[in-house]
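Quick note on numbering: the UniProt record's numbering labels position 127 of the sequence shown as 127, and the sequence is numbered without any gaps. See structure below.
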Amino acid sequence: MCEIQGQSCGKLQESQLNNLKEYTEPDEFPWIGRVGYGDSSNGSTDFYCIAVLIKPRHAILPAHCVLNRVEVDARFILFGDWRANRNFDEKDCLFDVCAPVPEAIDIEELVVHPKFMGLRNPSAIDNDIAVAKLVRSVDFSDFVSPLCLPTTKHKDNHIAQKLTMVGFLQILPSFELAEGFRTKVDVHIVSLEFCASLQDKLNLTQDHLCAMASAAFLNFFASPLMGIEVEDGKPRNFYLVGLPTYGAITGDERNKALFVFTRIFPFRNWILKNIVDKNETRKIK
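This is the structure we're talking about:
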């Protein structure tokens with residue numbers, strides 16, 4: 001398994017990778033955290049965004065999840081949640097398979113990339129990245145563990161590749177048994193030129209990456225994008241490729257979902273500078 005600053009990350013089981021299920025196993029993609037807007041003890045808390053755990057006390061998320069949510073602040077992150085419902089103080093079960101009660105940890109500090117336009121331009125998609133520092137370390141387990149950041153081996157733009165988004169589909173008022181569970185969706189990476197031809201108002205740069213899927217998956221927007229590290233002919237671990245910044249329905253028949261992501265590799269050094277512990281060195285913003 002890969003490491004980030006000495007910590008194992010990106011847990012991958014090849015049997016889960018190829019099980020052809022849409023919803024994940026409870027211990028699959030254990031770095032996914034739901035961002036809570038309100039008090040973690042309040043059962044009516046809303047969840048608008050997803051954060052990605054990368055260290056015991058740090059997660060990363062889109063900056064628009066921090067600055068554009070002016071009506072209420074991001075207060076905590078819920079890790080280990082298998083089903084997107086409000087009963088996050090209970091186990092989530094599907095038939096005879098259950099996940100432990102998820103872990104809600106308050107956010108101590110949020111650092112937004114200094115070049116993100118934020119409220120000055122709510123449609124801005126440049127530098128859409130932020131780091132959340134938690135009030136305490138997450139308890140790592142089979143169900144909660146960090147994802148790897150990309151390295152220089154992963155700096156390519158992934159054009160024409162198939163990558164995985166993981167998150168939660170929107171729950172309908174009368175959802176069925178299998179709905180609302182953490183879900184994985186494969187998307188196809190397209191060139192920036194083709195992406196811009198579908199949405200001509202987008203100001204895309206090399207810090208962006210575009211993907212497409214069926215229009216039915218547009219309500220999957222807000223989910224991070226991951227790639228797989230392959231070593232000696234075997235898939236070894238997942239790493240973070242992108243964070244979501246824009247989504248739209250497109251195509252002549254309005255049958256495609258277009259997703260735009262903030263590429264993580266160009267921001268790797270900024271992330272690392274902002275996830276150091278105080279006893280290591282002063283945090284640089």
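Ideal placement from N, C-alpha and C gives every residue a C-beta, glycine not left out.
For the segment 185 to 216, list the alpha helix (DSSP H) runs that are entirely contained and at least 4 residues long, ordered along the chain. 192 to 198
Asn237: first and last residue of the uninterrupted beta strand (DSSP E) it sits in: Lys234 to Thr250
Could you name the residues that DSSP lists as bridge partners for Ile105? Ile77
Please identify the residue among Thr250, Pro26, Phe79 and Leu147 whose C-alpha is closest to the C-alpha of Phe47. Phe79
Where Ile271 and Val131 are concerned, what is the direct C-alpha to C-alpha distance, given to the nearest angstrom? 7 Å
For Ala222, which of Gln13, Arg57, Asp27 and Arg34 has the nearest alpha-carbon? Arg34
Going by C-alpha to C-alpha distance, which of Lys234, Lys256, Thr262 and Glu231 sits closest to Tyr246? Thr262
Simplified DSSP state of Ser145, which is helix, strand or coil: coil
Integer-rounded CB distance, given that Thr164 should sit under 8 Å from Gln199: Not really, about 23 Å apart at Cβ, beyond 8 Å.
Mapping the DSSP letters down to three states, classify Leu169 as helix, strand or coil. coil
Excluding sequence positions up to five away, which residues of its chain have a Cβ less than 8 Å from the Cβ of Arg254? Ala215
Helix, strand or coil at Gly36 according to DSSP, with G and I counted as helix: strand
Just the Cα atoms here: how many angstroms apart are Ile54 and Pro146? 5 Å
I need the boundaries of the beta strand (DSSP E) containing His58, first residue and last residue. His58 to Leu61
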